[in-house]
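**Student:**
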Amino acid sequence: MTRWARSSEFYVGLILLLLFAIIGSRNGAFFSAANLFDLIRSAIVPGIFAMCATMVIISGGIDVSFPAIATFSMFSATKLLLAWHFDGPVFVAFALAGAIGLCLGLINGLLIAYFRLPALIVTLGTSSMFSGFLLTFVGSRQVSNLPASLDRFGKLQVVKFAGEGGITVGLPMTVLFTAAIVLAVAGILKYTMIGRGIYALGGDPVSAERIGFSAKFLQCFVYGFVGLLAGIAGMIQTTMMRSSNPVDLLGTELLIIAAVVLGGVRITGGHGSVLGALLGLLLIVTIQNSLILVGIPSYWQRLVIGALILVGTGIAAYQIKRSSAKRKSILA
Amino acid sequence: MPNALIELKGIAKSFAGVHALKDVSLRIDQGEIHCLAGENGCGKSTLIKVMSGVHAPDHGEIYLEGQLRTQLNPFEAIQAGIQVIYQDFSVFPNLSVAENIALSGELARRRKWIDWRRMRRTAKEALAKVGIELDLDAKVEELSVADKQLIAISRALMQRAKLIVMDEPTTALTQKEVRALFDVIEGLKRDGISILFVSHKLEEVFALSERITVMRNGRRVVTEEARNLNREMLVYHMTGRQIEETHYEAANKTGKPLLRTDRLGLAGCFEEISLELYPGEIVGLTGLLGSGRTELAESLFGLLPATAGRIEIGGESVRIRSVRDAVRHRIAYVPEDRLTEGLFLQQSIERNLIVSVVDRQKGRLGMVDRRTLKATVRSWIEKLGIKAPSPLAPVKTLSGGNQQRVVLARWLAANPKLLILNGPSVGVDIGSKEDIHQAIRQLAAQGIGVLMISDDLPELRQNCNRVLVMKRGRLIGEVEGQTFTPELWAQMHEENAGSETEGKRGDSA
Amino acid sequence: MSIPTAKRPEPDSSYGRFSFSLRRWMAQDGNLMRLFVIMIVVWAAMAMLSPRTFLTIDSFSSMAFQFPEIGILALAMMLAMISGGIDLSIVGTANLTSILAAMMMVRLMPADAGAGESAMYMALGVLCALVSGVLCGLLNGWAVAKIGIPPILVTLGSMQLFIGLAIVLTEGKAIVGLPEAFSSIGNGTLVGLPVPLLVFAACIVSVYALVNRRPFGIKLQMLGSNPTAARYGGIDNTAVLLKTYALSGLLAAVAGLVIIAHTNSAKADYGTSYILQSILIAVMGGVNPNGGFGKIAGIVMAVLTLQFLSSGLNALHVGNFFKDFVWGIVLILVMVANEIGPKWRWRRRQPESSV
Amino acid sequence: GGGDGGKASPSGSADGGASGDSGSAGGKKYKIATVVKLTGVAWFDRMNDGVKAFGQETGHETFMQGPQKADAALQVQIIEDLIAQKVDAITVVPFSAEALEPVLKKAREKGIVVITHEADGMVNTDFNIEAFDNLEYGAFLMDNLAQAMGETGEYMTTVGSLTTTSHMQWEEGAYKRQQEKYPNMKAVARKLETNDDQKTASEKLRETLKAYPNLKGFQGASGNDAAGAALAVEESGLNGKLHVVGTSVPSVSAKFLESGAMSMIGFWDPAEAAKAMDKLAVMVLEGKKDEIKEGMDLGVPGYESLKVRDGKYLYGSAWVGVTKDNVKDYDF
Ligand SMILES: Nc1ncnc2c1ncn2[C@@H]1O[C@H](COP(=O)(O)OP(=O)(O)OP(=O)(O)O)[C@@H](O)[C@H]1O
Ligand SMILES: Nc1ncnc2c1ncn2[C@@H]1O[C@H](COP(=O)(O)OP(=O)(O)OP(=O)(O)O)[C@@H](O)[C@H]1O
Ligand SMILES: [Mg+2]
Ligand SMILES: [Mg+2]
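Protein chains in written order, with this note's numbering: chain H, 3 to 334; chain G, 19 to 527; chain C, 57 to 411; chain W, 7 to 338.
Listed below in structure tokens is the structure:
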């Protein structure tokens with residue numbers, strides 16, 4: 003077997019295709035453009051989160067605070083903009099949310115890099131801190147009257163056409179953000195020294211320092227960058243929902259982490275790819291958004307999601323275990 | 019006097035109270051091959067890490083080409099031309115061969131972007147220099163220990179280095195690869211590059227070095243021109259005692275064989291292995307890299323259950339499907355890769371020692387009886403002379419040789435009938451090695467059968483009654499231990515190069 | 057056997073002797089010590105801020121009814137984390153098993169059951185919960201050990217599965233009307249102590265015995281720190297993992313029983329906020345998220361610290377979000393103290409030792 | 007920030023009578039705690055306004071507490087703590103009524119007055135007061151949906167979660183009304199779970215629309231469902247074709263009502279509910295329990311003529327229907 007056929011990306015891809023085939027055979031509407039667009043739409047914010055999780059996990063850390071950072075950034079940015087009676091370009095809103103996210107991410111990074119604290123603990127702590135601070139001191143009331151330019155931006159579609167039944171099928175503009183971020187993360191990981199340093203750090207932190215990588219810099223970069231991405235993702239959520247809700251997004255971290263782990267990003271660090279993470283995420287998003295199409299009653303939906311996660315990950319894990327157990331033959 | 023490339027003055031370093039280095043001074047000149055020798059835990063690796071900026075010394079000064087460096091970090095050290103091949107290789111298991119070799123060079127040149135084609139080219143050249151061929155895209159975690167070591171070597175050789183430090187670079191290498199490495203080192207010397215070489219294999223030390231520094235207990239004992247030293251003097255400096263080369267007197271084969279395999283096979287790894295091992299025997303097992311001897315050992319220990327043939331223990335046919343089975347038949351296995359397979363690095367020495375016998379420490383209510391447990395631990399620490407601040411210290415704080423003794427003690431505590439040792443003295447100093455050999459011989463004398471896998475010919479010669487040779491998954495011969503010379507070994511391989519089928523059954527049955 | 061060695065080891069004179077020295081214990085268990093200090097500081101701060109409500113018997117008894125649930129769940133989480141994994145399904149397990157128990161007690165028990173019969177159904181319910189808890193855990197363990205799925209995925213999936221099953225069984229509704237006698241367990245006292253607290257204490261003692269005194273516990277910790285070496289060391293990894301997750305499921309079921317006794321009802325979504333909280337308590341209590349280490353005393357202190365904080369802040373009528381904020385800060389302070397504490401002490405002591 | 011407490015709402019201006027008798031008398035001042043399901047959502051923020059207003063008007067010490075996550079366990083803990091604090095009365099909006107029975111029993115045993123809301127049938131309470139009968143409210147929403155749909159066509163319903171009793175009752179009330187009065191309507195998907203999340207609600211609507219392209223109606227239970235659905239309707243260009251009704255607050259829904267993406271929302275003013283609860287608590291504390299009977303006027307809008315069942319279950323008629331015509335009248 004060739005190397006890629008042993009990879010987890012391959013198996014997750016296969017399982018995804020299998021799932022598509024099954025759902026599609028139960029309900030042809032699955033393969034409609036409207037549905038595929040909707041799947042993509044559902045993955046816009048989780049897609050960015052998946053990039054956050056991927057990068058951090060590859061570096062050998064973990065971050066459970068990105069939803070809290072996203073919510074903090076979007077809500078406080080919205081509040082600020084409203085206080086300023088802002089009506090300028092949306093770019094400012096994204097930059098502001100991103101900057102707030104970057105600062106919060108750097109707090110994680112500094113604590114992890116300089117105090118050498120376990121990432122899980124730090125981010126659990128800061129996640130609780132960030133959202134506690136936000137809801138206590140910034141506000142806890144949903145903001146529905148966004149600055150006009152943000153509201154307008156939320157309605158922009160990148161493609162739009164009339165589907166059957168007079169339904170407008172479209173993809174919001176924000177999908178481009180996600181696409182750009184995915185490409186950027188993939189590029190960083192593959193073609194920059196920082197990216198390779200992230201892999202090296204995840205593979206063996208001691209060796210990484212010995213060949214001259216600065217673990218402190220890399221960790222600050224990773225957590226800061228993740229904060230930046232999370233801030234942008236938060237603002238995307240706000241424009242897409244056309245309201246800013248300070249308890250939105252919280253609690254999605256474990257599912258996102260599970261999705262990227264499913265896509266072959268190894269929780270112990272050093273292994274994984276952007277493609278795999280996206281496939282894993284797509285698998286979860288598809289499962290979550292197809293149960294009505296398949297006609298599963300709502301009482302059974304959770305049970306089915308749980309079972310599908312177990313079966314999906316089971317098949318992938320079993321195949322990988324089997325293929326990696328096969329060694330190159332020594333016998334001539 | 020030639021220019022000093024690096025000079026260390028009065029270096030001291032301690033870890034949480036353990037004085038690893040005390041007032042060590044060392045000078046390495048341009049273009050010289052300098053050897054660092056000493057027992058396990060005497061501070062060689064620590065000294066190297068100070069040189070390469072990994073550890074900051076508590077006291078002392080470091081001069082690079084005459085310049086005082088106060089805060090040396092790894093990146094600066096690399097910039098200054100110091101390349102280190104670490105004892106634990108420091109390779110990245112998750113990255114490809116090409117990247118492992120080429121990445122550090124790119125980093126040292128402060129490149130921000132990765133050019134994959136250039137990296138592959140660099141890696142290819144580096145491998146060619148050492149004279150090996152590897153799949154550039156293979157992940158390093160899939161490779162054998164030896165390949166990892168070769169990668170670490172290739173990586174260091176690719177840099178524009180002024181000093182290459184090699185901390186026991188030959189532990190996992192076969193004779194042939196060692197010779198290739200020595201050729202490379204000679205070449206480097208001709209280019210004016212200095213080498214600091216650490217090895218416990220005295221033949222290597224004498225074969226290579228111009229000057230030798232001996233350390234003991236964290237202090238420098240002596241620095242001397244190699245030609246002014248001989249083996250006995252060196253050993254004396256290292257250990258403070260005299261050690262003679264002794265041979266194990268084989269017990270007579272009596273009674274039933276302890277272990278007998280009949281045409282044992284494991285798909286893809288080895289086949290048609292028939293061998294016998296009698297109580298009190300020490301049988302060597304050697305072969306080229308990838309000959310399947312590790313797999314054979316792991317089969318006997320139930321890690322890779324055999325797919326063909328039969329195993330008999332004490333005359334009775336048994337099935338070994340799991341480690342539990344093996345342990346039940348009182349088989350013990352000291353694995354090849356101490357760090358990943360042998361040790362629980364963060365856990366205490368105590369726990370590392372008793373992990374395999376913890377079930378036997380049950381007292382009342384099935385609870386572990388701490389009193390006997392501690393007594394057991396204490397006795398093994400004393401018997402094997404494990405040098406440790408406290409049995410409760412994490413085992414990762416021990417030096418390589420002491421770590422190996424912990425693994426050995428663990429299995430000796432299990433009171434085995436058959437002891438399989440895979441590289442029992444890899445990275446172990448001459449004094450400790452002697453101790454370990456003594457321990458093994460005493461065990462054999464008590465009626466335990468020992469199967470010893472090793473590349474170290476003197477070790478095999480001194481300890482083994484018989485030596486079995488494997489190649490490509492088959493036994494190709496058996497030799498009396500004392501007559502096993504390098505020449506014979508090389509000859510056996512060449513004989514079998516063309517006519518594999520002939521040697522299939524070996525002479526072992 | 058005696059081997060001629062030039063250098064005799066210098067044995068640690070204290071090792072193997074059974075004298076207790078506080079200084080040594082502090083040195084060895086600095087983290088626990090610091091956690092203890094932080095617990096006391098939090099307690100004192102809360103007592104100072106609102107002495108009249110916080111420092112009352114009622115307040116302590118109210119706390120004693122609150123933390124056992126999360127405490128038991130944190131123990132379950134700890135076991136999974138020591139093995140190098142994680143168990144996100146504990147709350148799902150607790151709810152599913154307690155729903156099964158409640159169904160036994162409510163639906164199966166005839167209305168006119170006498171005291172004896174009712175006790176039998178209660179015992180049956182408890183047994184059913186414990187057995188199903190073990191089964192839930194075994195499912196997790198099997199998927200982790202045999203199939204090789206990462207624990208975080210397994211338990212995330214099984215969490216959904218268990219809660220989903222609970223919803224299917226109950227259509228999302230609560231099961232109410234547990235026998236009087238049973239709910240008096242959750243709200244009553246025995247020799248002056250709240251019963252849930254006693255259950256928690258029993259769990260602590262058994263888990264302590266298991267993890268620190270039984271061979272299983274040592275194997276578990278070794279497996280957690282290096283699974284490969286564990287295999288080579290003769291540990292049956294599969295068996296240990298199965299046992300670990302089964303135990304985690306069992307503890308979750310116990311927590312579930314405490315919960316239904318306390319609330320006199322069983323529902324599919326009770327305690328969902330406990331999942332992250334139990335991870336928080338476990339890591340704050342010193343469990344290494346990478347596996348291998350965990351101290352029960354740490355868990356107990358972390359649970360108490362959080363409870364003091366929570367009740368103290370409730371007494372101050374600050375918002376619950378502020379509570380989150382303070383928790384986060386305390387957690388990070390604990391960790392920073394653990395990190396710089398030893399260095400600081402060591403630096404101070406250094407001059408003495410180098411003489 | 008969010009804490010803009012005693013802001014008077016238009017309807018709130020009428021409640022001078024609510025406080026008249028108890029406040030000025032200078033009688034004993036009581037400590038009354040209100041425990042809600044969840045803090046940080048618009049709904050309970052509004053309730054907090056009522057709690058604060060009542061305290062200011064009457065001089066009693068009133069305050070509101072609630073968990074930061076929707077979880078019955080946290081509510082139990084808060085009440086345990088309140089008992090220890092020896093408050094005089096606890097007014098509760100239970101997340102799960104059943105789970106609170108024992109702890110409220112304990113509270114009553116200690117002499118604390120317990121008033122509940124949204125917990126019809128609760129045993130361990132002095133009085134439970136409902137803004138209305140849950141089944142009737144559901145039916146009321148259904149009437150509005152039917153009217154918008156022209157009494158024919160396919161519709162779907164959602165709930166925050168399958169474990170939220172009041173959501174389930176509203177849904178069941180609505181379904182029953184449809185079965186009885188609107189035979190030409192058909193429920194194609196019922197009780198889909200939205201986890202109280204706008205994005206999920208929006209995704210559920212999109213997905214159902216693909217499985218049932220003729221979908222004409224949506225009824226949401228959780229406060230976020232209708233807004234999420236309206237968003238999807240608007241983006242699909244189905245304004246006026248797919249009709250959304252549900253429970254929501256005006257501030258969140260105003261823009262959708264105005265754009266036509268939402269037909270109507272129903273709610274009751276949580277601030278008034280809080281005042282009603284507090285008022286009842288004070289009456290019980292002052293020993294005026296006997297005065298609480300059928301037809302009684304609490305002096306709080308919507309609770310002017312109470313219905314009483316079994317002596318302690320009280321019902322107001324406090325629901326409000328809001329369409330684009332009267333949405334401007336509300337500012338929360
Ligand atoms: N990180 C560390 N923490 C604590 N002690 C350490 C650490 N590194 C080394 N030591 C201790 O310092 C001493 C010297 O160790 P070092 O690794 O330098 O020995 P070595 O001469 O390289 O031995 P070997 O030949 O076995 O590799 C040993 O006693 C070891 O236990
Ligand atoms: N997981 C694996 N996947 C693919 N190839 C492997 C794997 N493990 C080992 N190999 C290959 O199998 C061959 C046998 O390696 P191994 O080092 O285990 O042999 P060995 O019999 O132990 O010999 P030696 O002890 O001399 O190293 C090597 O060529 C190695 O590259
Ligand atoms: Mg060394
Ligand atoms: Mg090998």
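Even for Gly, the Cβ is constructed at its ideal location relative to N, Cα and C.
Between D380/C and chain W, is there a C-beta pair that is closer than 8 angstroms?
**Tutor:** Output row for D380/C: interface = yes.
**Student:** For R183/W, which residues from the same chain have a beta carbon less than 6 angstroms from its beta carbon, with the 5 sequence-adjacent residues on both sides left out?
**Tutor:** A145 and M148
**Student:** Assuming G305/C contacts G193/C under a Cβ cut-off of 8 angstroms, what Cβ separation, rounded to an integer in Å, is found between them?
**Tutor:** 2 angstroms
**Student:** Taking 7 angstroms as the line, does the beta carbon of F33/G fall inside it for any heavy atom of ligand 1?
**Tutor:** yes
**Student:** To the nearest angstrom, report how far apart L320/W and V314/W are at their CA atoms.
**Tutor:** In this structure, the CA atom of L320/W is about 5 angstroms from the CA atom of V314/W.
**Student:** Within the segment 303 to 387 of chain C, note down every full alpha helix (DSSP H) run reaching 4 residues or more, in order along the chain.
**Tutor:** 330 to 340 and 352 to 371, all fully within the segment 303 to 387 of chain C.
**Student:** Below 8 angstroms CB to CB, which residues in the same chain sit around N37/H once its five sequence neighbours on both sides are set aside?
**Tutor:** So the list reads A31 and L295, once near-sequence residues are dropped.
**Student:** Are three or more beta carbon pairs between the segment 112 to 121 of chain H and the segment 54 to 74 of chain H nearer than 8 angstroms?
**Tutor:** With the cut-off at 8 angstroms, the segment 112 to 121 of chain H and the segment 54 to 74 of chain H touch.
**Student:** Please determine, among I142/C, M119/C, F256/C and L279/C, the residue with the shortest C-alpha to C-alpha distance to M215/C.
**Tutor:** I142/C
**Student:** Mapping the DSSP letters down to three states, classify I46/G as helix, strand or coil.
**Tutor:** strand
**Student:** Using a Cβ-Cβ cut-off of 8 angstroms, state whether V392/C counts as contacting chain H.
**Tutor:** yes
**Student:** Consult DSSP for W86/H and reduce its assignment to one of helix, strand or coil.
**Tutor:** coil
**Student:** Please name the residue or residues paired with I103/G in a DSSP beta bridge.
**Tutor:** M184/G
**Student:** Can K62/G be considered in contact with ligand 1, in the sense that its beta carbon sits closer than 7 angstroms to one or more heavy atoms?
**Tutor:** yes
**Student:** Cβ closer than 9 angstroms: which chain H residues qualify as neighbours of P276/W?
**Tutor:** Those do not exist, as P276/W stays about 13 angstroms from chain H at its closest Cβ, beyond 9 angstroms.
**Student:** CB of K257/G to nearest heavy atom of ligand 1: below 7 angstroms?
**Tutor:** What sits at residue 257/G in the sequence shown is Thr, not Lys. Incorrect: T257/G has no Cβ contact closer than 7 angstroms to ligand 1.
**Student:** Between R212/H and chain G, is any beta-carbon pair separated by less than 8 angstroms?
**Tutor:** yes
**Student:** Would a C-beta distance cut-off of 8 angstroms place F319/G and A285/G closer than the cut-off?
**Tutor:** Not closer than 8 angstroms, so no.
**Student:** Can you find the residues in the same chain that come closer than 6 angstroms, C-beta to C-beta, to L106/W, ignoring five residues on each side of it along the sequence?
**Tutor:** P100
**Student:** When you compare the CB of Y104/G with every CB in chain H, is at least one pair closer than 8 angstroms?
**Tutor:** Yes, Y104/G lies at the interface with chain H (some Cβ there is under 8 angstroms from its Cβ).
**Student:** Helix, strand or coil for L248/W per DSSP?
**Tutor:** coil
**Student:** Helix, strand or coil, according to DSSP, for G26/H in the structure here?
**Tutor:** helix
**Student:** With 8 angstroms as the threshold, decide whether the Cβ of L80/W is near any Cβ in chain H.
**Tutor:** no
**Student:** Tell me whether G445/G, by its Cβ, gets closer than 7 angstroms to a heavy atom of ligand 1.
**Tutor:** yes
**Student:** Could you check whether the Cβ of T288/H sits closer than 8 angstroms to any Cβ belonging to chain W?
**Tutor:** no
**Student:** Find the nearest neighbour of E57/G within the set P476/G, E505/G and G449/G, judged by alpha-carbon distance.
**Tutor:** G449/G
**Student:** Taking the alpha-carbon positions, what's the V339/C to L310/H distance?
**Tutor:** CA-CA distance, V339/C to L310/H, rounds to 30 angstroms.
**Student:** Go through the segment 372 to 448 of chain G residue by residue and report every complete run of the alpha helix (DSSP H) that reaches 4 residues or more, in order.
**Tutor:** 388 to 401 and 418 to 431
**Student:** Check whether the segment 50 to 62 of chain W and the segment 73 to 85 of chain W are in contact - that is, three or more C-beta pairs closer than 8 angstroms.
**Tutor:** no
**Student:** Measure the alpha-carbon distance for G28/G versus L506/G and round it to whole angstroms.
**Tutor:** 48 angstroms
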